[in-house]
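Here is the structure we will look at.
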Amino acid sequence: MIVRQLSMPLDSHKLVGLSSAQRTIVIARLANVLMAAAGVVTEESRDDEQ
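Residue numbering for the sequence shown is 284 to 333, as defined by the numbering used here.
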């Protein structure tokens, strides 16, 4: 099995103007989107189903 890792620059010009709190939210939401795309079930998605 070949494992590939995606490298994403998170210091792009669009993120430079964000506060630390805003940047944390953006990165967390991106992580959730990527996990959902990979089929990972999170606590949040379990709560939404109930």
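Built from N, CA and C at the ideal position, the CB exists for glycine as well.
Bear in mind that the values here come from a model prediction, so they are computed numbers and not experimental data.
Collapsed DSSP secondary structure at residue i in the structure displayed
i, result
"V286", "coil"
"L298", "helix"
"V324", "coil"
Inter-residue spacing [alpha-carbon to alpha-carbon] between residue i and residue j
i, j, result
"V299", "P292", "12 Å"
"M302", "I285", "According to the sequence provided, residue 302 is Ser. The question's Met does not apply to it. Roughly 38 Å separates the two Cα atoms."
"A311", "R287", "21 Å"
"R306", "L317", "16 Å"
"E326", "H296", "32 Å"
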